[in-house]
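Novice: Residue numbers (our numbering), protein chains in the order written: chain L, 604 to 902; chain B, 84 to 278. Sharing a structure with you now.
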Amino acid sequence: MATVRTQREIRQKAPLWLIGLLLANVVIMAIDARDNQGQQQIVRVWTQTVATPVQNVSSKAGGATSNFFRQIFSFRSIAAENEQLKQRVTEIESELHNARLQAAENERLKGLLDLRNQSTYQTLPARVIARDPSVWFNTITINRGTSAGVKINMPVVSATGIVGRVITVSPWASQVMLVTDEKAGAGAVVGQLGESGALGSVRGRPDLGLIEMRYVSGLEKVTLGDFVMTTGQDGIYPPGLKVGEVVDVKNGTATQPHQILIRPGAGLDRLEEVAVLLYEAPQRTAPAQTLPNVEKKKQ
Amino acid sequence: MGPIGDRQLAISNTIMPQLKIAAVLALSILLQLSLRVLWPPLSYIDFPLIVVVYIALQRDAWRALLVGTLAGIIVDASSGGLIGAGGFSKTLTAYIIYFAATKVNLENPLVRIPVLAAATVLDSTIYVFWHRLLGYPPVLPLMQTISYRLIATTIAGTLVLYMLDSLIADRSAQQRQFATRRRVARRSTGTLRRR
């Protein structure tokens with residue numbers, strides 16, 4: 604009898620619990636949506652702080668399992684790969700020697716031009732502890748936060764190219780929006796900055812897993828395999844970082860820009876270690892505030 | 084049975100199922116967070132949703148709603164989407180399945196397949212709806228992603244529900260099912276004899 608009453612009570616109260624929980628979720632969502640537009644992200648910082656230990660555990664478990672399977676699958680090709688690697692090491696050693704010579708020369712020239720302070724960025728190594736568990740968005744979580752000096756909008760890079768930018772920071776972790784996200788953007792140039800006039804902006808194409816480059820004049824020459832670098836005009840990424848390599852070009856005309864697709868330089872599917880550039884773009888004065896008309900309006 | 088035995092029985096009846104559900108929920112969230120590292124397409128399987136569906140099918144409203152909210156919010160915390168969107172969609176999905184389970188018998192494993200499919204579509208639709216409403220449209224194509232999620236979650240969910248049945252379902256419920264089957268079997272044999 605007692606059980607029947609309890610069941611009945613539960614059935615009667617269930618809609619009330621439902622409404623209560625749904626309201627709580629809506630409130631959290633509304634606060635998070637409002638916070639995402641500003642800089643202060645209270646809900647996200649707290650939930651991420653709580654979730655960080657879980658992400659650490661899952662990252663370790665996932666990494667171990669992944670390595671286990673990868674080792675099994677790659678066992679057959681190890682011998683051939685070993686030979687290739689030996690050859691590659693020899694090549695790289697000579698390349699490294701050349702690069703060192705060039706770097707030394709570069710340093711001397713930089714010293715002459717007094718550009719050293721502008722072109723060196725402090726980096727903070729970080730480990731990827733989680734990837735977006737939902738399929739709808741493209742973010743990763745790294746194990747560095749405000750306690751290590753990470754701030755919102757700091758660029759994240761790997762050895763082979765830009766990875767994305769920090770969008771949320773909690774004390775011990777940060778969330779990074781990948782450069783392949785539709786909302787991610789950056790100023791870029793095909794070829795070397797200062798040498799090429801193929802300037803444009805890049806935006807993620809998550810449906811293809813690539814990056815799209817827009818607004819490049821149809822008169823500029825762009826070919827497959829060209830490197831794309833950042834220009835530093837977006838106020839997030841410093842100039843001269845590699846974005847990726849051109850994999851598809853639909854040539855434009857004098858009036859139509861090129862349609863360019865880029866494969867990200869950083870292997871975004873298999874990221875394990877990244878570096879946060881402790882770089883903050885120089886503040887620009889807002890043009891609207893300096894116009895005399897604005898001053899007049901205020902008065 | 085003495086008072087100590089009664090207490091032990093009460094503890095095992097009330098706390099043990101809750102512990103099992105908590106463990107299964109934690110495992111499902113861990114799987115959701117780590118499987119993408121192993122192979123990205125595995126992220127189309129929504130493990131926490133499968134657990135929510137399982138608990139809702141047990142006609143346990145309170146647990147289903149609570150687990151739906153918790154699972155959704157924890158996954159949202161690691162995602163680039165809005166926190167609370169997953170919580171909302173999973174809570175509402177849990178309630179709808181619970182409500183259906185109180186009206187219709189959904190314990191048959193074959194019936195669970197469409198239930199899982201419907202839950203996946205409902206969860207995805209509500210999730211995307213809230214993001215669009217608040218100005219954060221998801222980056223992937225809607226129909227394609229929902230279709231992949233539907234296929235992956237339904238296939239994996241059918242297997243996981245079968246495993247959960249043998250792990251969590253109490254023996255009394257299983258015995259009740261067997262008794263019903265025996266009765267049905269006896270009835271049908273009787274009919275044959277009469278013929």
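Glycine included, every Cβ here is placed at the ideal spot set by N, Cα and C.
Considering only the alpha carbon of each residue, which of L:Gly800, L:Tyr840 and L:Lys616 lies closest to Phe182 (chain B)?
Specialist: Comparing Cα positions, the closest option is L:Lys616.
Novice: If you check the beta carbons only, do Gly855 (chain L) and Gly821 (chain L) fall under 7 Å apart?
Specialist: Taking 7 Å as the Cβ cut-off, Gly855 (chain L) and Gly821 (chain L) qualify as a contacting pair.
Novice: What are the start and end residues of each continuous alpha helix (DSSP H) run of 4 or more residues lying completely inside the region 124-195 of chain B, in chain order?
Specialist: Whole alpha helix (DSSP H) segments, 4+ residues: 130-140, 144-161 and 168-186.
Novice: Assuming Ser750 (chain L) contacts Pro774 (chain L) (C-beta within less than 8 Å), just tell me the rounded distance between them.
Specialist: Going by Cβ atoms, the distance from Ser750 (chain L) to Pro774 (chain L) rounds to 5 Å, so yes, they are a contact pair.
Novice: Runs of 4 residues minimum, wholly inside the region 690-776 of chain L: which ones carry the alpha helix (DSSP H) assignment?
Specialist: Within the region 690-776 of chain L, the complete alpha helix (DSSP H) runs of at least 4 residues are 719-722.
Novice: Any idea which residues DSSP pairs Lys824 (chain L) with across the strands?
Specialist: For Lys824 (chain L), which the question treats as bridged, DSSP gives no partner whatsoever.
Novice: Flag Asn126 (chain B) as yes if its beta-carbon sits less than 7 Å from any beta-carbon of chain L, otherwise no.
Specialist: The residue asked about is misnamed: residue 126 (chain B) is Ser in this sequence, not Asn. At least one chain L Cβ lies under 7 Å of Ser126 (chain B).
Novice: Can you give me the C-alpha to C-alpha distance between Gln778 (chain L) and Asn756 (chain L), rounded to a whole angstrom?
Specialist: Using only the alpha carbons, I get a separation of about 10 Å.
Novice: Buried or exposed for His214 (chain B), going by 16 or more other Cβ atoms inside 10 Å?
Specialist: It is buried - the Cβ of His214 (chain B) has at least 16 other Cβ atoms within 10 Å.
Novice: Closest Cβ-Cβ distance between Pro221 (chain B) and chain L: below 7 Å?
Specialist: At least one chain L Cβ lies under 7 Å of Pro221 (chain B).
Novice: So is Leu165 (chain B) buried or exposed if we call it buried at 16+ other beta carbons inside 10 Å?
Specialist: Buried is the call here.
Novice: Can you give me the C-alpha to C-alpha distance between Ser249 (chain B) and Leu242 (chain B), rounded to a whole angstrom?
Specialist: Cα to Cα, the separation comes out at about 11 Å.
Novice: Please state whether the Cβ-Cβ distance between Tyr219 (chain B) and Ser172 (chain B) is less than 7 Å.
Specialist: Not a contact, by the Cβ cut-off of 7 Å.
Novice: Along chain L, which residues have their Cβ under 8 Å away from the Cβ of Leu171 (chain B)?
Specialist: First, the residue type needs correcting, since residue 171 (chain B) is Phe and not Leu in the sequence shown. Correct list: Leu625, Asn628, Val629 and Met632.
Novice: To the nearest whole angstrom, what separates the beta carbons of Ser126 (chain B) and Leu118 (chain B), a pair I think is in contact under 8 Å?
Specialist: Confirmed, about 6 Å.
Novice: Give the interface partners of Pro197 (chain B) over in chain L, defined as CB-CB distance under 9 Å, in chain order.
Specialist: Per Cβ cutoff of 9 Å: no residues; Pro197 (chain B) is ~22 Å from chain L at best.
Novice: Is Val766 (chain L) near Val759 (chain L), with beta carbons less than 7 Å apart?
Specialist: Against a cut-off of 7 Å, the Cβ pair of Val759 (chain L) and Val766 (chain L) comes out as a contact.
Novice: Thinking C-alpha only, which one of B:Ile128, B:Ala154 and B:Ile104 is nearest Ile238 (chain B)?
Specialist: Checking every option, the nearest Cα to that of Ile238 (chain B) belongs to B:Ile128.
Novice: So which residues on chain L does Val134 (chain B) lean against when the C-beta distance must stay under 9 Å?
Specialist: Ordered by position in chain L, no residue passes the 9 Å Cβ test against Val134 (chain B), which lies about 14 Å from the chain.
Novice: For Trp145 (chain B), count neighbouring Cβ atoms within 10 angstroms of its own Cβ and tell me buried if that reaches 16, exposed if not.
Specialist: Classification for Trp145 (chain B): exposed.
Novice: Can Ile180 (chain B) and Ser207 (chain B) be called in contact, C-beta distance under 7 Å?
Specialist: The answer is no: Cβ separation not under 7 Å.
Novice: By the DSSP assignment, the beta strand (DSSP E) with Gly790 (chain L) in it spans what residues?
Specialist: That run of the beta strand (DSSP E) goes Gly788 to Val793.
Novice: For chain L, check one thing: does any of its Cβ atoms lie closer than 7 Å to the Cβ of Leu153 (chain B)?
Specialist: It does not: the Cβ of Leu153 (chain B) has no partner Cβ on chain L nearer than 7 Å.
Novice: Looking at C-alpha atoms only, which residue of B:Tyr178, B:Ala177 and B:Asp159 is the closest neighbour of Gly169 (chain B)?
Specialist: Of the candidates B:Tyr178, B:Ala177 and B:Asp159, the one whose C-alpha sits nearest the C-alpha of Gly169 (chain B) is B:Asp159.
Novice: For Leu140 (chain B), which residues in the same chain have their Cβ closer than 6 Å to its Cβ, ignoring the five residues on either side in sequence?
Specialist: The answer, listed in chain order, is Ala184 and Leu189.
Novice: Can you find a CB in chain L that lies within less than 7 Å of the CB of Gln117 (chain B)?
Specialist: According to the sequence as given, residue 117 (chain B) is Ser; it is not Gln. Yes, Ser117 (chain B) counts as interfacial toward chain L.
Novice: When you check each C-beta in the region 643-659 of chain L against every C-beta of chain B, which residues fall closer than 8 Å?
Specialist: If the cut-off is 8 Å between Cβ atoms, the region 643-659 of chain L has Val646, Arg647, Thr650, Gln651, Val653, Ala654, Val657 and Gln658 near chain B.
Novice: Do Arg866 (chain L) and Glu848 (chain L) have their C-beta atoms closer together than 7 Å?
Specialist: Yes.
Novice: Under 7 Å, Cβ to Cβ, is there at least one residue of chain B near Phe830 (chain L)?
Specialist: For Phe830 (chain L), the answer is no, since every Cβ of chain B falls outside 7 Å of its Cβ.
Novice: Whose Cβ in chain L lies nearer than 9 Å to the Cβ of Ala106 (chain B)?
Specialist: The contacting residues do not exist; Ala106 (chain B) stays about 14 Å from chain L at best.
Novice: Just mark Ala787 (chain L) as buried or exposed, buried being the case when its beta carbon has 16 or more other beta carbons within 10 Å.
Specialist: Classification of Ala787 (chain L): buried, given that the 10 Å Cβ count is 16 or more.
Novice: So is Arg734 (chain L) in contact with chain B if we call contact Cβ pairs under 7 Å?
Specialist: Judged by the 7 Å Cβ criterion, Arg734 (chain L) is in contact with chain B.
Novice: Decide if Val738 (chain L) is buried, meaning its Cβ has at least 16 other Cβ atoms within 10 Å, or exposed.
Specialist: With 16 or more Cβ atoms within 10 Å of its Cβ, Val738 (chain L) is classed as buried.
Novice: Could you give the first and the last residue of the continuous alpha helix (DSSP H) run that contains Arg232 (chain B)?
Specialist: Arg232 (chain B) -> alpha helix (DSSP H) spans Leu225 to Leu250.
Novice: Alpha carbon to alpha carbon, what distance is there between Ala791 (chain L) and Lys853 (chain L)?
Specialist: C-alpha separation (whole angstroms): 18 Å.
Novice: Which value, in whole angstroms, describes the spacing of the CA atoms of Thr236 (chain B) and Ile743 (chain L)?
Specialist: Each residue's Cα considered, the two are about 23 Å apart.
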